[in-house]
Amino acid sequence: MDFSRFELLPNEILIEIFDYLDARDTYYAFYGLNLRLNALLQSLDRLYIYIHYNGRSRIRHDHLFALRVHTLIIDRNRLLDNLHQFPNIRHVIFIKSFEKKIEHVINQLDNLEHLTVKVKGQGGASRSIYQRIFTNDFPCLKSFIHKASHPPSLTNTWTQTPSIHFLDVTSDFSRIHMFLAACPNLHCLKITIPKLSVTLADLKQHEKLQRLHLTITTDQLSFDELPFNSLFVRLPNLQYLYLQQSIMNIDMINNLKQSQWLANVLARHLLSLRQFKLTLCLSANQHFDIQQLKTNFSKAHDQRYEHELKII
925 MDFSRFELLP NEILIEIFDY LDARDTYYAF YGLNLRLNAL LQSLDRLYIY
975 IHYNGRSRIR HDHLFALRVH TLIIDRNRLL DNLHQFPNIR HVIFIKSFEK
1025 KIEHVINQLD NLEHLTVKVK GQGGASRSIY QRIFTNDFPC LKSFIHKASH
1075 PPSLTNTWTQ TPSIHFLDVT SDFSRIHMFL AACPNLHCLK ITIPKLSVTL
1125 ADLKQHEKLQ RLHLTITTDQ LSFDELPFNS LFVRLPNLQY LYLQQSIMNI
1175 DMINNLKQSQ WLANVLARHL LSLRQFKLTL CLSANQHFDI QQLKTNFSKA
1225 HDQRYEHELK II
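Per my numbering, the sequence shown starts with residue 925, numbered consecutively.
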């Protein structure tokens, strides 16, 4: 497409295109070409900057768009030299970054609203960062996402962070109560669980949680009611439950055939439930009657709420 045709596109499509571009690329390519594009670029207030590990760390001509940058993406341990010139950053995404680099950046962002940390293994956001987040060191923080293979070591010395509404973390089942207690206004919790426990200690009733996503990676079968009774009884207003379970062996499949699929515990405790979706992740060499499993699942949950079994 030549530039003359590009100019014919409506503003809505141009804005959608710009959403996919780094702020530097957007401004270097289009700013100054004509008055219409200048006005359109100056109307944008949710631009992002991607600092790549082998890219440039100082941004040229940042005065053109510095106040419009909302999101900063930092790949590995590259730093932005002139971070202070971007006062409206509200969301930072770290990819494979060390703890010291993360702290160096977030310490400069008084109005941080969304923090995302993506690492392999146990790293990135360590105990000290969790401690700061869940003792309200970032009073504007609305969401925290920590994608890691293993949960960090945690200590139960948190207070509360009332501003957090969304969490996506990796944690042992026995630690869920810590996140719920620290976030009284939490609306959605996504948690990856490498280890199940029979009960949860000191879990108080949480009135605000409406969405719960549980991804269970352990080879323990999760459809026994015991691990969930102590959790669901404290979530009276939960409306949406999403459970993903890895199926490791044929014994787990045989147990499923006799399972009530959590129907009893859901009926007992989650009276406000509107939707339950279950995803089973199977290994490639497992063969069984998928339709029979789906039939059993549907019968167990009947018509009390919307339900779906997905097998991948």
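Ideal placement from N, C-alpha and C gives every residue a C-beta, glycine not left out.
Since we're looking at a predicted model, the values are computed, not measured.
Secondary structure of VAL1157 (DSSP, three-state): coil. DSSP lists ILE1019 as the beta-bridge partner residues of ASP999. Within the same chain, and ignoring the five residues on either side of PHE942 in sequence, the residues whose Cβ sits closer than 7 angstroms to its Cβ are THR950 and LEU968. Inter-residue distance for ILE975 and THR1079 is about 33 angstroms (C-alpha atoms, whole angstroms). ARG1051 and SER1077 have their C-alpha atoms some 6 angstroms from each other. Sorting ILE1235, LYS1071, VAL1029 and ARG1228 by C-alpha distance to the C-alpha of LEU1217 places ILE1235 at the top. Judged by beta-carbon spacing, LEU1194 lies within the 8 angstroms limit of LEU1159, meaning their Cβ atoms are closer than that value. The Cβ neighbour count for CYS1107, taken over all protein chains shown within 10 Å, is at least 16; the residue is labelled buried. Distance check between TYR1054 and each of ILE1019, LEU1091, LEU1033 and LYS1020 places LEU1091 closest, using alpha-carbon atoms only. LEU1120 and HIS1137 have their C-alpha atoms some 15 angstroms from each other. Of the residues assessed, LEU1197 falls on the buried side of the cut-off, its CB having 16 or more other CB atoms within 10 angstroms. In this chain, GLU1232 is not harboured by any alpha helix (DSSP H); it is covered by the beta strand (DSSP E) spanning 1230-1235.
The bridge partners DSSP lists for THR1141 come to none. In the three-state DSSP reduction, VAL1093 falls in the strand class (E or B). Annotated three-state conformation of SER1067 is strand, per DSSP. With 16 or more other Cβ atoms inside 10 Å of its own Cβ, SER1095 counts as buried. Partner residues in the beta bridge of GLN1199, as assigned by DSSP, are TYR1164 and GLU1230.
In the structure shown, VAL1041 adopts extended strand secondary structure according to DSSP, grouped into three states. Each of LYS1201, HIS1038 and CYS1112 was checked against the Cα of ASN1012, and the nearest Cα belongs to HIS1038. Under the DSSP assignment, THR950 falls outside any beta strand (DSSP E), being part of the alpha helix (DSSP H) whose first and last residues are 947-954. For TYR1054, the three-state secondary structure derived from DSSP is helix.
If you draw a 10 Å sphere on the C-beta of HIS987, you find fewer than 16 other C-beta atoms in it, and that means exposed.
Bridge partners of GLN1169 according to DSSP: ILE1140 and LEU1204. For ILE1117, no alpha helix (DSSP H) segment is defined; the enclosing uninterrupted segment is the beta strand (DSSP E) at 1112-1117. ILE1117 has its alpha-carbon roughly 31 angstroms from the corresponding atom of LEU1033. The alpha-carbon separation between GLN1009 and LEU1065 amounts to approximately 21 angstroms. ILE1017 and ILE997 have their C-alpha atoms roughly 5 angstroms apart.
Residue nearest to GLN1084 within the set ILE1069, LEU1206, ARG1056 and SER1222 is ARG1056 (criterion: CA-CA distance).
ILE973 is bridged by DSSP to LEU996.
Between ALA1072 and VAL1043, the C-beta gap is smaller than 8 angstroms, which places the two residues in contact. In the DSSP annotation of this structure, the continuous segment of the alpha helix (DSSP H) that includes PHE1221 starts and ends at 1214-1225.
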